[in-house]
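One structure is given here, and the rest of the page talks about it.
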Amino acid sequence: AHGEFAHAEAVAREAIALCDEHGIASEKLWNTAFLGAARAAQGAHAEGIALLRGATDTLLAIGGTVTVPWLLAQLGAACLAAGDVAGAQDATRRGLEIAAHTGERVWDAALWRLQGAILAVDPAARDDGLDAATAAARAD
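Be aware that the sequence shown starts at 971, since it is given in the working numbering, and climbs by one per residue.
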């Protein structure tokens, strides 16, 4: 699996270079986030978190929400791996809020898995949102 992340890093770097060469800003943001996820998965947590945070914050600032819940799941996983439970919780909450707002629910499972991982590490991280989500899931 580590080799897959190294390959993902190489592909993201190549894509970023092509975006720079051709002036494709939006694709550069997504590929920067992918690079951040790959770097974090390989243990470069601080670098990966900074890349993911920068890309997602910029995408949200310009109104780009497509795939952002998934990117926030990647950010949350990187934060959790780095021991930043509050950062992981914040990324998860933001991802679920954006998904609820846009209707792009395809990433919810990844975000809820992350929430479960957060609770496994720190049961005190439970918040009212989890109770509300559990109630909503049971109502469906």
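Just so you know, even glycine gets a beta-carbon here, dropped at the ideal spot from N, CA and C. Keep in mind the model is a prediction, meaning the values are calculated, not measured.
Comparing C-alpha positions only, which one of A1011, A1010 and W1040 sits nearest to R1075?
The residue given as residue 1075 occupies position 105 in the sequence shown. Closest by alpha carbon: W1040.
Here's the rule I'm using: 16 or more other beta-carbon atoms within 10 Å means buried, otherwise exposed. How should A987 be labelled?
The residue you call residue 987 lines up with position 17 of the sequence shown. Exposed, by the Cβ-count rule.
What do you reckon, are the CB atoms on A1095 and L1089 nearer than 9 Å?
Counting from one through the sequence shown, the residue named residue 1095 turns up at place 125. Counting from one through the sequence shown, the residue named residue 1089 turns up at place 119. Cβ distance < 9 Å, so A1095 and L1089 count as in contact.
According to DSSP, simplified to helix, strand and coil, what is T1026?
Start at 1 with the first residue of the sequence shown, and residue 1026 comes out as number 56. T1026: helix per DSSP, three-state reduction.
For L1022, which option in F1004, G1034, Q1012 and T1037 has the closest C-alpha, if you only look at C-alpha atoms?
As a first step, residue 1022 must be located in the sequence shown, where it is residue number 52. Ranking the options by Cα distance to L1022, first place goes to F1004.
Quick one: grab the DSSP three-state call for I1019.
Counted from its first residue, the sequence shown places residue 1019 at position 49. In the structure shown, I1019 sits in a helix (DSSP, three-state: H, G or I).
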